[in-house]
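*Asks:* Residue numbers (the numbering used here): 588 to 970.
Beta carbons: idealized from backbone N, C-alpha and C, even for Gly.
Before anything else, here's the structure in question.
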Ligand code: NAD
Ligand code: MG
């Protein structure tokens, strides 16, 4: 039977790779719904090709632009409410959460609340609200499958043993564009420098997060939630080639790794076809051209974001929401060239230090913590 997929964030880097996988695996995979923010022309083209039952666009003005291009039978939904509605619809059974940032939280919660299988790319949702999403998934029976390449690798490697036999995991990191830069050089890095990722082609926010290594910090928190791991059981290892996507060490000392070319279509497809595998469209590894695989310990001095990841995973409560929101706001300011590169982590650190963590927060409390952190960043920018 066909899997009917709703893709939230279909015009983004993950969204487009997901559509590649759907194209390759059609008719087994079908597009039931598409959602995007601003790029309505691209969304219109996707609708022409995939004829979804429903489509969501972020606001009224874009919805008027999009409307004339939709085929009969495609329902048009609008805004954050429309996003939740799309995630909840009965005509899809698999939701790909590929919106960037906190904007993806509500729809991810909605899909999990409905007991759907969710392919999770939107790590920010889990960093903010893992304390809500994980218990909710257990209650509704929703499968939360990782799309993030490291977490997909851990998930795949964990299948080689029992959960109780897992000793620790290694999250690999390319090290980003500034792996070999000094702290002084990095402090003044430009937006263009930060957007030049050595191994992965991704959306701008995660590319900047990779340059600060905030991305790895977010992934530490993501892994802690997804696999119910203590921060002590998570280690980061720099692996510049991005061939080994992460590893699991079992109690007997055996280490299982998942390898592949740096192509997000592999982890996306694994989530979409899980628990099975299919011949797909992702690039394959060629060991004839790989000369060596390198490893380095991470540099916590040059990349202070990393320590924050462990700290936030340990603190729990509202720490994840504050950490994520402060970083999102700082990255936005950097993209607008209002702050230097070095200030992204500095601002996030400052806001996190000012926050008193509340434990067992409900969703309202988490959203308030998110808003508070954004106001704090704005306040720092004004001064
Ligand atoms: P992107 O910027 O390329 O795409 C983001 C998508 O979200 C776009 O379709 C955009 O229209 C949509 N969007 C943004 N705000 C929205 C809103 N308010 N309402 C509706 N739609 C909205 O980002 P990306 O690189 O594809 O990343 C998406 C998510 O996947 C992020 O959480 C990122 O951390 C994660 N991720 C990405 C990669 C990658 O290779 N790109 C790898 C691992 C994880
Ligand atoms: Mg990743």
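Should residue 984 be counted as a contact of the ligand NAD given a C-beta to heavy atom distance under 7 angstroms?
*Replies:* Residue 984 lies beyond the stretch modelled for the chain, which goes from 588 to 970, so this question has no answer here.
*Asks:* Does the segment 678–695 come into contact with the segment 839–854, if we say contact requires no fewer than three beta-carbon pairs (one atom in each stretch) closer than 8 angstroms?
*Replies:* Too few Cβ pairs lie closer than 8 angstroms, so no.
*Asks:* Looking at the strands, I want to know which residues DSSP matches up with residue 757.
*Replies:* 822 and 834, per the DSSP bridge assignment.
*Asks:* On a CA-only basis, which of 876, 849 and 887 is nearest residue 869? Give me that one, please.
*Replies:* When each option's Cα is compared against that of residue 869, the closest is 849.
*Asks:* What do you reckon, is the C-beta of residue 771 under 7 angstroms from a heavy atom of the ligand MG?
*Replies:* Every heavy atom of the ligand MG is 7 angstroms or more from the Cβ of residue 771, so no.
*Asks:* Between 889, 907, 860 and 847, which lies nearest to residue 880 when the distance is taken from Cα to Cα?
*Replies:* For the residues 889, 907, 860 and 847, the minimum Cα distance to residue 880 belongs to 847.
*Asks:* Can you grab the Cα-Cα spacing for the pair residue 838 / residue 757, in whole Å?
*Replies:* Those two C-alpha atoms are separated by around 14 angstroms.
*Asks:* Quick one: is the Cβ of residue 812 within less than 7 angstroms of any heavy atom of the ligand NAD?
*Replies:* The answer is no for residue 812.
*Asks:* What separation, rounded to the nearest whole angstrom, lies between the Cα atoms of residue 832 and residue 904?
*Replies:* Straight-line Cα distance between these residues: approximately 29 angstroms.
*Asks:* Excluding the 5 residues flanking residue 803 on each side, which residues of the same chain have their C-beta closer than 7 angstroms to its C-beta?
*Replies:* So the qualifying residues of the chain are 758, 760, 823, 893 and 896.
*Asks:* Would you say residue 695 touches the ligand NAD, meaning its beta carbon is less than 7 angstroms from a heavy atom?
*Replies:* No, since every heavy atom of the ligand NAD falls outside the 7 angstroms radius drawn around the Cβ of residue 695.
*Asks:* Can you give me the C-alpha to C-alpha distance between residue 733 and residue 744, rounded to a whole angstrom?
*Replies:* Rounded to whole angstroms, residue 733 to residue 744 spans 13 angstroms at the Cα level.
*Asks:* When burial is assigned at 16 or more other CB atoms within 10 Å of the CB, is residue 605 buried or exposed?
*Replies:* Buried.
*Asks:* For a minimum of 4 consecutive residues, which ranges assigned as the alpha helix (DSSP H) are wholly contained in the segment 850–929?
*Replies:* Correct list: 852–860, 892–902 and 906–922.
*Asks:* Just confirm the distance between the C-beta atoms of residue 798 and residue 764, as a whole number of angstroms; I'd bet it's less than 8 angstroms.
*Replies:* At roughly 5 angstroms, the Cβ-Cβ gap stays under 8 angstroms, so residue 798 and residue 764 are in contact.
*Asks:* Which residue's Cα is closest to the Cα of residue 702: 688, 715 and 679?
*Replies:* Looking at the Cα atoms, 679 is the closest of the given residues.
*Asks:* I'd like to know if residue 788 contacts chain C, where contact means its C-beta is closer than 8 angstroms to some C-beta of that chain.
*Replies:* Absence of chain C from the displayed structure is noted, only one protein chain being present.
*Asks:* Mind checking who residue 740 pairs with in its DSSP beta bridge?
*Replies:* For residue 740, which the question treats as bridged, DSSP gives no partner whatsoever.
*Asks:* Out of 636, 709, 669 and 661, which one is the CA nearest neighbour of residue 644?
*Replies:* Looking at the Cα atoms, 669 is the closest of the given residues.
*Asks:* Within the continuous beta strand (DSSP E) that includes residue 617, where are the two ends?
*Replies:* It spans 616–623 - the beta strand (DSSP E) in which residue 617 sits, taken as one unbroken run.
*Asks:* Excluding the 5 residues preceding and the 5 following residue 666 in the sequence, name in chain order all residues of the same chain whose CB lies nearer than 7 angstroms to its CB.
*Replies:* Contacts found: 645 and 646.
*Asks:* If the criterion is Cβ atoms closer than 8 angstroms, does the pair residue 597 and residue 631 meet it?
*Replies:* Taking 8 angstroms as the Cβ cut-off, residue 597 and residue 631 do not qualify as a contacting pair.
*Asks:* Given a threshold of 16 other Cβ atoms within 10 Å of its Cβ, counted over all protein chains shown, does residue 633 qualify as buried or as exposed?
*Replies:* Buried, because 16 or more other Cβ atoms sit within 10 Å of the Cβ of residue 633.
*Asks:* Taking the alpha-carbon positions, what's the residue 675 to residue 681 distance?
*Replies:* Whole-angstrom Cα-Cα distance: 10 angstroms.
*Asks:* Name the two residues that bound the continuous alpha helix (DSSP H) containing residue 641.
*Replies:* Per DSSP, residue 641 belongs to no alpha helix (DSSP H); it is in the beta strand (DSSP E), 641–644.
*Asks:* Is the beta carbon of residue 684 less than 8 angstroms from the beta carbon of residue 660?
*Replies:* In this structure, residue 660 does not lie closer than 8 angstroms to residue 684 by Cβ.
*Asks:* So is the beta-carbon of residue 711 under 7 angstroms away from any non-hydrogen atom of the ligand MG?
*Replies:* False, no ligand heavy atom lies under 7 angstroms from that Cβ.
*Asks:* Can you tell which of 736, 727 and 946 has the C-alpha that lies nearest to the C-alpha of residue 972?
*Replies:* The question about residue 972 has no answer here: the residues shown for the chain are numbered 588 through 970.
*Asks:* On the three-state DSSP scale, how would you describe residue 658?
*Replies:* Reduced to three states, the DSSP call for residue 658 is coil.
*Asks:* Would you say residue 735 touches the ligand NAD, meaning its beta carbon is less than 7 angstroms from a heavy atom?
*Replies:* Result yes, Cβ under 7 angstroms from the ligand NAD.
*Asks:* Can you list, in chain order, the residues of its chain whose CB lies under 6 angstroms from that of residue 858, leaving out five sequence neighbours each side?
*Replies:* Contacts found: 706, 732 and 734.
*Asks:* Rounding to the nearest angstrom, what Cα-Cα distance links residue 952 and residue 738 in this structure?
*Replies:* Distance between the alpha carbons of residue 952 and residue 738 is about 27 angstroms.
*Asks:* For residue 887, which of 861, 965 and 766 has the nearest alpha-carbon?
*Replies:* If we check each option's Cα against that of residue 887, 766 comes out closest.
*Asks:* Could you check if residue 818 belongs to the surroundings of the ligand NAD, using beta carbon to heavy atom distance under 7 angstroms?
*Replies:* Answer for residue 818: no, Cβ out of range of the ligand NAD.
*Asks:* Taking only heavy atoms of the ligand MG into account, decide whether any of them is closer than 7 angstroms to the Cβ of residue 836.
*Replies:* Result no, Cβ not under 7 angstroms from the ligand MG.
*Asks:* To the nearest angstrom, report how far apart residue 873 and residue 866 are at their CA atoms.
*Replies:* If you take the alpha carbons of residue 873 and residue 866, they lie about 17 angstroms apart.
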